[in-house]
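**Q** If you're matching positions, the sequence shown starts at 2 in the working numbering and goes up one per residue.
Here a beta-carbon is modelled for each residue, glycine too, at the ideal position from N, C-alpha and C.
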Amino acid sequence: MSDVLYEKRNHTGILTFNRPSSLNALCESFMKEIRDALEKAEKDPELRALILTGCGKSFIAGADIKEMYAKDADSIFAWSALGSELNMKIETMKLPVIAAINGYALGGGLELALACDIRIASENAKMGLPETSLGVICGAGGTQRLPRVIGESAAKELIYTARRIDAQEALRLGLVSRVVSAESLMEEALRLAESIGKNAPIAVRSAKEAIRFGRDASIEEGCLFEREAFRVLFETEDQKTGMGAFIRKEKNVVFRN
Ligand code: CAA
């Protein structure tokens, strides 16, 4: 059986990490499989959102320490490039990506979740960047994305102490936007995906691009980028569909892909 399961519910794709013997630790072949599954999802014209989750008690328990242990500085550099590229792929995908964190999201697992657009967690989830306790630091974007998400001071505390936090603390820090029971995690993730999916796909994609652009731009550059994207959306059928439905007082607007 594959280490990454792919299923589709209406317009939502679900990738389930399925390497339970190592709590879904990221070895090289597994990272490649995730990358291939993302590429497959990206090519599916029917999808409007993607959910990433893990099987069993773990989302992803980090990079595979057993595979990493014997590497030297040169070989680990190429290895970590794979993780970085994977996370960049998630971050720049046209589809909105939801991490449904069902258990441990540690090290490389949290780094991957940080590249997703939205993170929701089950109440039993545990998150952290334990790399400094292993004698290293993050190798797939954790030092860059965590401070951007929760702020520099809180990120430094978590990274320097290697402390593992529970879902409620992650919620307080803004690391996840929702905490739900373990039983309802997928239901909530699907509901969230569907509520995104009913909106105009080009507009959602455009919002994703504008938010990402603005993260590293000045407010002037960001607003200019937004204004141009706003202009382009007035060339789409969706703009006429969405605004027209409001004017005609129609409910249940259906946007085409
Ligand atoms: N790499 C390789 N194997 C791992 C793993 C990892 N990150 N996490 C868990 N496993 C394996 C365990 O070795 C164990 O295998 P065996 O049965 O063959 O011994 C199996 O998964 C089950 O794990 P545990 O018995 O440890 O399960 P537990 O419930 O007692 O503990 C845990 C769960 C707290 C998550 C613990 O497994 C753990 O601490 N894992 C390591 C977490 C970690 O440090 N992650 C960061 C890795 S570094 C990184 O990610 C760097 C980077 O940015 C590139």
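1) Gly129 and Gly63: beta carbons closer than 7 Å?
2) Would the C-beta of Asp65 count as close to the ligand CAA, meaning under 6 Å from any of its heavy atoms?
3) What residue from Lys252, Ser76, Ala101 and Leu107 has the CA that sits closest to Ala26's CA?
4) Measuring CB to CB, does Val205 end up less than 7 Å from Pro97?
5) Which of the three DSSP states is assigned to Asp45 in this structure?
6) In the DSSP assignment, what are the bridge partners of Phe18?
7) Taking 6 Å as the cut-off, is the CB of Pro46 close to at least one heavy atom of the ligand CAA?
8) State buried or exposed for Arg149, treating a residue as buried only when at least 16 other CB atoms are found within 10 Å of its CB.
9) Can you have a look at Lys127 and say buried or exposed, based on whether 16 or more other CB atoms are within 10 angstroms of its CB?
10) Return the CA-CA distance between Ile61 and Gly245, expressed in angstroms with no decimal places.
11) Is it right to say Leu51 is buried, meaning 16 or more other beta carbons lie within 10 angstroms of its own, or is it exposed?
12) Taking the runs of the alpha helix (DSSP H) that are 4 residues or longer, which of them lie wholly in the stretch 61-142?
13) Reducing DSSP to helix, strand and coil, say where Asp217 ends up.
14) Can we say the stretch 81-90 touches the stretch 28-36, given the rule of at least three CB pairs closer than 8 Å?
15) Smallest Cα separation from Asp37: which of Asp4, Gly57, Glu68 and Ser23?
16) I need the straight-line Cα distance from Ala120 to Arg228, nearest angstrom please.
17) Given that a residue counts as buried once 16 or more other Cβ atoms are within 10 Å of its Cβ, and exposed if not, what is Val255?
18) If you reduce the DSSP assignment to three classes, tell me which class Thr1 lands in.
19) Since Leu186 and Asn103 should fall inside the 8 Å C-beta cutoff, what is the C-beta to C-beta distance between them, to a whole number of angstroms?
**A** Looking at the atomic coordinates:
1) no
2) yes
3) Leu107
4) yes
5) coil
6) Val5 and Gly55
7) no
8) exposed
9) buried
10) 44 Å
11) buried
12) 66-70, 74-93 and 109-115
13) coil
14) yes
15) Asp4
16) The identity of residue 120 in the sequence shown is Arg, whereas the question assumes Ala. Each residue's alpha carbon lies about 28 Å from the other.
17) exposed
18) The structure shown does not extend to residue 1, since the chain spans only 2 to 258, so no value can be given for it.
19) 6 Å
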